[in-house]
Amino acid sequence: MKLSNRRHFLHLAAGAAALPVVPRTVRADTYPSRPVRILVGLPAGPAPDIVARLIGQSLSEQIGQQFFVDNRPGAAGNIAAEAVAHAPSDGYTLLAMTITNAVNATLYDNLSFNFIDDIAPVAGVAIQPFIIVVNPSVPAQTLPEFIAYAKANPGKIVMASPGVGSSPHVFGAMFGVMAGIDMLHVPYRSSYLPDLLSGRVQVIFVAIPTVIGDIRARKLRALAVTSAKRQQVLPDIPAAAEFMPGYEPIGWYGIGAPKSTSADVIEKLNNEINVALADSKMKGRLDDMGAAPMPMTPAEFGQFIANETGKWAKVIRAANIKPD
Numbered sequence: 136m137k138l139s140n141r142r143h144f145l146h147l148a149a150g151a152a153a154l155p156v157v158p159r160t161v162r163a164d165t166y167p168s169r170p171v172r173i174l175v176g177l178p179a180g181p182a183p184d185i186v187a188r189l190i191g192q193s194l195s196e197q198i199g200q201q202f203f204v205d206n207r208p209g210a211a212g213n214i215a216a217e218a219v220a221h222a223p224s225d226g227y228t229l230l231a232m233t234i235t236n237a238v239n240a241t242l243y244d245n246l247s248f249n250f251i252d253d254i255a256p257v258a259g260v261a262i263q264p265f266i267i268v269v270n271p272s273v274p275a276q277t278l279p280e281f282i283a284y285a286k287a288n289p290g291k292i293v294m295a296s297p298g299v300g301s302s303p304h305v306f307g308a309m310f311g312v313m314a315g316i317d318m319l320h321v322p323y324r325s326s327y328l329p330d331l332l333s334g335r336v337q338v339i340f341v342a343i344p345t346v347i348g349d350i351r352a353r354k355l356r357a358l359a360v361t362s363a364k365r366q367q368v369l370p371d372i373p374a375a376a377e378f379m380p381g382y383e384p385i386g387w388y389g390i391g392a393p394k395s396t397s398a399d400v401i402e403k404l405n406n407e408i409n410v411a412l413a414d415s416k417m418k419g420r421l422d423d424m425g426a427a428p429m430p431m432t433p434a435e436f437g438q439f440i441a442n443e444t445g446k447w448a449k450v451i452r453a454a455n456i457k458p459d
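The number in the working numbering is simply the position in the sequence shown, starting from 1, with 135 added.
And the structure:
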């Protein structure tokens, strides 16, 4: 190499060494540069889908890039979760997370992914309390009376749910374990409300908006809400924890990403989601669903998920719940 050429090469090398190192992962200041998918493990229509669309619309407006919902129903939500777990860690494939994901982590022992290890927590979105309602033919007027009635009639009270491992199922299973009662669980592929209203089903654990009209019309009797405190929409209905300390199951929604997604990208998404949750319009839409914002840092949401997964693992084992 000629001396002049060697000096030129060394000059270029020194200049390159002085440049900042740009990682191959997506940078937060350029993200997102193309549309982002939010995978939902249910068909269009149910609450998780609605919440994901609300968040997607807000992020699209705030960031100026499209965030769209991609419905991947099937296998109790595991199809969507698996797709995100195996997706590139670039922030362009997100998961609409729910309590079902935490339940599935224990309920299914043959998953090709680990919910805790393979899905990075991005942000909490909302919490949704449930309510315990019975057909008026059930003689119990209060939760303690219902427990006493159930103990006197073991295995005769029919509890319906949308399926094994669903929120209504595990909420009821947790209640049964803590109360020491035996209810007959019947999973439905279609709506179980007609059978509840007719009296073929005696009790359900359900999101408040689903049955609030029937409660007010006295077609159904509300015994308690599952949240730690009473709810403003039904202030006369007690919290189950008033009679059964520690019984506080609640529905929740959040956003996750593939593991190893850039911390900068996760932080950007977290900040934008929390901005959306602070908006009065968003709060109003969630309130219409009987839900409330659940803003958290990624670390706080990660701890929340770990706690939920551990809690439902204990219930699944105690109630001996098996997948279909």
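Glycine included, every Cβ here is placed at the ideal spot set by N, Cα and C.
Here the structure is a predicted model, which is why all the values come from computation and not from measurement.
Secondary structure at M232: strand, using DSSP grouped into helix, strand and coil.
The segment 201-219 and the segment 265-273 do not touch, with fewer than 3 CB-CB distances between them shorter than 8 angstroms. Counting only runs of 4+ residues, the alpha helix (DSSP H) found wholly inside the segment 162-219 occupies 182-198, in chain order. Rounded to whole angstroms, the gap between the alpha carbons of D317 and K286 is 7 angstroms. In terms of Cα proximity to P274, the closest of P322, S395, A357 and S362 is A357. Positions of the alpha helix (DSSP H) runs, each at least 4 residues long and wholly inside the segment 326-411, are given as 328-333 and 343-351 in order along the chain. In this structure, G386 keeps its C-beta atom at 8 angstroms or more from the C-beta atom of M232. When only Cα atoms are considered, L194 and M309 end up about 36 angstroms apart.
In chain order, V299 place their CB closer than 6 angstroms to the CB of D459, counting only its own chain and leaving out the 5 sequence neighbours on each side. For A314, the enclosing alpha helix (DSSP H) has its first and last residue at S302 to A314. Around the beta-carbon of S325, fewer than 16 other beta-carbon atoms lie within 10 Å, marking it exposed. Your pair N442 and A258 does not check out as a contact, with CB atoms roughly 16 angstroms apart and the cut at 8 angstroms. In this structure V321 touches V293 by the C-beta definition: roughly 6 angstroms separates them, less than 8 angstroms. S247 carries a coil assignment under DSSP once its states are collapsed to helix, strand and coil. Between Y327 and A295, the C-beta spacing is below 8 angstroms. The Cβ atoms of P170 and N206 lie no closer than 8 angstroms to each other. In this structure, the beta-carbon distance from R188 to Y227 does not fall below 8 angstroms. At a Cβ-Cβ threshold of 8 angstroms, E407 and Q201 do not count as neighbours. Going by DSSP, I440 is part of the alpha helix (DSSP H) stretching over P433 to A453.
Around L229, the same chain offers I173, I390 and A392 as residues with beta carbons nearer than 6 angstroms, after the five sequence neighbours per side are excluded. For I292, no beta strand (DSSP E) segment is defined, and its DSSP state is neither H nor E. Between the alpha carbons of G315 and S301 lies a distance of about 21 angstroms. The Cβ-Cβ distance between P183 and V175 falls below 8 angstroms.
Distances from the alpha-carbon of A427 to those of N236, I401, S415 and E280 put S415 closest. For V321, DSSP records a beta bridge to A295. With the rule of 3 Cβ pairs closer than 8 angstroms, the segment 447-458 counts as touching the segment 235-250. Remark: C-beta atoms of L278 and A363 do not approach each other more closely than 8 angstroms.
For V268, the pairing in a beta bridge is given by DSSP as I339 and A357. In the DSSP assignment, P256 falls within the beta strand (DSSP E) that extends over I254 to Q263.
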